[in-house]
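Taking it in order: structure first as structure tokens, then the write-up.
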Amino acid sequence: MDKVKVKKLERKLYVDRNCDSAFLITQWHMDQIHFTYYVENGNIYIWDMETKRPVNKIIGHSGHSVLWIEFINDCTMVTQGRDGFIQFWNKTEDVWTKSDVIKSTSFGYCACSIVDNKIAIPTESTSAVQLYDMSTKQCIGELKPDISGQKYGMCMAVKSVENNVLIGYENGCIASWDAKTFKMADKSQIHKESVMCLDYSSQSNFGISGSADENLVSWSISENNTIVKGKEITVKNPGFTSVSIRHDQKIFASGGWDSNIRIYSVKKLKPLAVLSYHKESVQCVTFSSDNILACGSKDAHISLWDIYR
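Numbering (UniProt numbering), first residue to last: 1 to 309.
Structure follows, in structure tokens:
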């Protein structure tokens, strides 16, 4: 394994000294000076990178895990909880207030994704994702495969790319959907086990997904929208929870059930580093626009890493 310039920026960032919740997800704010993390009890915290302290605590989805957050702009964000609600928030003078709500039928672990001016929301109905207009908060369509010949199982991962929605299913299949026509463009059997996470960069036409087994699989999308399976990476311990391609498309990171963060090159899928810091499953890995890697773990810690910057 090659030597890599790796610097751990912070050894420990505790969620809350009095908090016994462990489920952690991280997301960078658009200003890249702050990032959010949220926990099992529904609270959302905004952390300041300069002061190294939380500057906001938002009671988001009381008593329920927060699955997903997306910043629309500096003063608007959307959150999803396991309470079945998608909540819209506005910030005024550093105070976040709830402005609107969408009630979904999903209480699972699959996160939403924003495509154009629509939000893709997994539903209670097997294999289905509904698209809601973000202005009217009304459902305008559904992405539901024909299950007469194949059982897809639950939606496990959703990723929006331009006007398309990529969905990873319980049966190991990944499908590409047109968000305007609500029709499936293509599907491919990428994994043998359930798809647990996926990411895709349209700039480099590189996709990567992780499963419940030991394999990370690369794939691409051809000019006629066909999903083409690429090379596989096999690791010692099974189970991936998160993958993230860095914005410059040079490397990607994965978070695993075994508590390790793994770094690979996009071009050759070469293993570059294994970052062993956390004690439990790494729930989320995400890069800032200036290439700081934030990782949230079930051990109630967040680690920040400086890699190849």
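Backbone N, C-alpha and C define an ideal beta-carbon position, used for all residues, glycine too.
Check your understanding: Helix, strand or coil: which one does DSSP assign to S161?
Key -> One point to set straight first is that residue 161 is Val, not Ser, in the sequence displayed. In the three-state scheme derived from DSSP, where H, G and I count as helix and E and B as strand, V161 is classed as strand.
Point to revise | Nearest neighbour of D178, chosen from I208, H278, E142, L304 [CA to CA] | key: Nearest option by C-alpha distance: E142.
Point to revise | One or two residues paired with Q283 in a DSSP bridge | key: Per DSSP, Q283 has no beta-bridge partner at all.
Practice item. Give every residue of the same chain whose Cβ lies closer than 6 Å to the Cβ of G60, excluding the five residues on either side of it in the sequence, and list them in chain order. Key: Result list for G60: G42, I44, V66, T79, in chain order.
Practice item. Since I believe A128 is in contact with V158 (beta carbons under 8 Å), could you give me their beta-carbon distance rounded to a whole number of angstroms? Key: Here V158 is actually not in contact with A128; their C-beta atoms are around 11 Å apart, not less than 8 Å.
Check your understanding: Taking the C-alpha atoms as reference points, what is the distance between P271 and K57?
Key -> If I take the Cα positions, the gap works out to 37 Å.
Exercise for review: Could you round the C-beta distance between S176 and I140 to whole angstroms and report it? I think they count as a contact, below 8 Å.
Suggested key: Actually they are not in contact, since the Cβ atoms of S176 and I140 sit about 19 Å apart, beyond 8 Å.
Check your understanding: Between E50 and L304, what straight-line distance do the alpha-carbon atoms span, to the nearest angstrom?
Key -> Answer to the nearest angstrom: the Cα atoms are 13 Å apart.
Check your understanding: From this set, T181, V266, N215, T241, which residue's C-alpha is nearest S204's C-alpha?
Key -> With respect to the C-alpha of S204, the residue from T181, V266, N215, T241 having the closest C-alpha is V266.
Check your understanding: Excluding five sequence neighbours on each side, which residues of the same chain lie with their C-beta closer than 8 Å to the C-beta of W89?
Key -> Excluding sequence positions up to five before and after W89, its CB lies within less than 8 Å of the CB of I58, T76, M77, V78, T79, W96, T97, K98, S99, all in the same chain and listed in chain order.
Review point. Can you tell which of C284, I119, M156 has the C-alpha that lies nearest to the C-alpha of residue 324?
Key: The chain is shown from 1 up to 309; residue 324 falls before or after that span and cannot be answered.
Check your understanding: Over what stretch of residues does the beta strand (DSSP E) that includes L269 continue unbroken?
Key -> Element bounds for L269: n/a, residue is neither H nor E.
**Study point:** Reduced DSSP category for D20 - H, G, I as helix; E, B as strand; rest coil
**Key:** For D20, the predicted structure reports a pLDDT of 47, less than 50, and the residue's modelled location is therefore unreliable. The matter cannot be settled from this model.
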